[in-house]
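Beneath this line is the structure, given in structure tokens, with notes to follow.
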Amino acid sequence: GAVVSQHPSWVICKSGTSVKIECRSLDFQATTMFWYRQFPKQSLMLMATSNEGSKATYEQGVEKDKFLINHASLTLSTLTVTSAHPEDSSFYICSASRGQNTEAFFGQGTRLTVV
Amino acid sequence: QKEVEQNSGPLSVPEGAIASLNCTYSDRGSQSFFWYRQYSGKSPELIMSIYSNGDKEDGRFTAQLNKASQYVSLLIRDSQPSDSATYLCAVVNSGTYKYIFGTGTRLKVLA
Chain A
1 GAVVSQHPSW VICKSGTSVK IECRSLDFQA TTMFWYRQFP KQSLMLMATS
51 NEGSKATYEQ GVEKDKFLIN HASLTLSTLT VTSAHPEDSS FYICSASRGQ
101 NTEAFFGQGT RLTVV
Chain B
1001 QKEVEQNSGP LSVPEGAIAS LNCTYSDRGS QSFFWYRQYS GKSPELIMSI
1051 YSNGDKEDGR FTAQLNKASQ YVSLLIRDSQ PSDSATYLCA VVNSGTYKYI
1101 FGTGTRLKVL A
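If you read the protein sequences in the order shown, they are chains A and B. Using the numbering used here, read the first sequence as starting at 1 and increasing by one per residue. Using the numbering used here, read the second sequence as starting at 1001 and increasing by one per residue.
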């Protein structure tokens, strides 16, 4: 399978600060990347879909000004959680696919704790 | 009706038995179907993809697809305790191309 690397794997930040999470496809070009969050014992919740070179499409209820997504190249997408608060603490996971209807591969996930 | 439905489990099977995991979906136009395994505290890992009706085998895993019945299943032969995890069914929406995940079935393989 293809490799998707997500960094950092965990981060602790103070309330009010911003955190950037990187998602890289290491051995393929990802035309589409997806960002999810997952709370303990709950299912994946899609936050946004990003296509290389265009603006991300956010799911209903996800604040685009709070969760900034950039997909600047075919191998890199970033999620920035701005002005983080304790309720933003969660497991954030990216996935990447070569194109529509193809397999999507997940990064290792980033566990964010806001204190 | 949810777009992708799975029984949450837990499904308990003895070591060496066959585990059968099921998934139904609502989008008749979907063309791509996937099974992921997620261990507690980890991200999902792709196990199988299936695009055509019938069976697809890979090692101990067999995926089965029936588009007429809108049904996907995953069989795990010779189940091992290390197979204990949550199994997620994913279906690509034919209109948005988003991956729609079921809530997952928790599998426990008893040693």
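For every residue, glycine included, the Cβ atom is placed at its ideal position computed from N, Cα and C.
Closer than 8 Å to the CB of valine 1092/B there is at least one CB belonging to chain A.
Here the segment 1016 to 1036 of chain B makes no contact with the segment 76 to 94 of chain A; the two share fewer than three CB pairs at distances below 8 Å. In chain order, Gly1, Glu103, Ala104, Phe105 and Phe106 make up the part of chain A whose C-beta sits under 8 Å from the C-beta of leucine 1046/B.
For the pair arginine 1037/B and glutamate 1045/B, the Cα-to-Cα distance works out to about 5 Å.
Annotation: Cβ neighbours of threonine 1103/B in chain A (cutoff 7 Å, chain order): Ser43. Contact annotation: alanine 56/A and isoleucine 69/A have beta-carbon atoms nearer than 8 Å. Listed along the chain, the chain B residues whose CB falls inside 7 Å of the CB of threonine 49/A are Lys1098.
The segment 11 to 42 of chain A is shown to contain whole beta strand (DSSP E) runs of 3 or more residues at 19 to 25 and 32 to 38, in chain order.
Setting aside the 5 residues that flank it on each side, lysine 1108/B is surrounded in the same chain by Pro1010, Ser1012 and Ser1084, each with a C-beta closer than 6 Å to its C-beta; the list follows chain order. Excluding the 5 residues flanking it on each side, alanine 1017/B has same chain C-beta neighbours closer than 7 Å at Ser1079, in chain order. Alanine 30/A is not a Cβ neighbour of threonine 78/A, given a cutoff of 8 Å. At a cut-off of 8 Å between beta carbons, serine 1052/B makes no contact with chain A. Between isoleucine 1050/B and leucine 1065/B, the CB-CB gap stays under 8 Å. Note that the C-beta distance between serine 1094/B and glutamine 1031/B is below 8 Å. For the C-beta of glutamine 1031/B, the chain A residues within less than 8 Å are, from N- to C-terminus, Asn101. At the C-beta level, serine 1043/B and phenylalanine 106/A come within 8 Å of one another. Under the 8 Å criterion on CB atoms, leucine 46/A is classed as interfacial with respect to chain B. Rounded to the nearest whole angstrom, the CA to CA distance from glutamate 103/A to aspartate 1055/B is 18 Å.
Here glycine 109/A is buried: its Cβ has 16 or more other Cβ atoms, across all protein chains shown, within 10 Å.
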